[in-house]
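Remarks on the structure that follows.
Next comes the structure, spelled out in structure tokens:
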């Protein structure tokens with residue numbers, strides 16, 4: 156009895172090797188996206204709420220995003236329920252941010268996202284809204300609402 160090598164199809168081996176490299180490439184791309192997601196979460200701003208006594212027994216609340224606002228209002232409602240305190244109507248007022256403040260917030264976020272081309276991208280989006288008939292202030296507010304920087 157004589158034996159010589161293995162009975163293997165070269166095409167099958169080549170196909171399996173190519174498939175293995177493709178799967179390895181997909182795995183590495185997935186790993187890269189996972190790393191980007193971890194970096195995004197690590198570098199994200201923390202939600203902040205600041206409560207400052209402004210006049211006598213009135214307080215001013217400043218927050219950096221709408222989820223922080225919602226969390227603060229939820230805690231405040233629970234405190235009111237626990238203390239059995241009736242809130243005074245008309246004292247709570249929302250301070251509407253100016254278009255300049257909204258623009259600065261959007262520009263800051265765009266800079267984090269797009270880098271040095273942030274201002275040009277933001278201006279292009281505002282010009283598009285202005286071509287639709289909005290004034291510059293209306294365009295800033297509309298884009299701010301769309302992106303979540305302005306809710307009123």
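Numbering (our numbering), first residue to last: 156 to 307.
Each residue gets a CB set at the ideal place from its N, CA and C atoms; glycine is no exception.
Annotated as distal: residue 280 and residue 302, with beta-carbon spacing of 7 Å or more.
Sorting 219, 253, 261 by C-alpha distance to the C-alpha of residue 275 places 261 at the top. Contact annotation, residue 207 with residue 227: C-beta distance approximately 13 Å; criterion of less than 8 Å not satisfied. In the DSSP assignment, residue 190 is bridged to no other residue. Annotated as proximal: residue 292 and residue 254, with beta-carbon spacing under 7 Å. Ranked by how close their Cα comes to the Cα of residue 257, the residues 236, 192, 232, 296 have 296 in first place. Residue 289 sits in coil when the DSSP states are folded into three classes, being neither helix nor strand. Here residue 168 carries a helix assignment [DSSP, helix/strand/coil].
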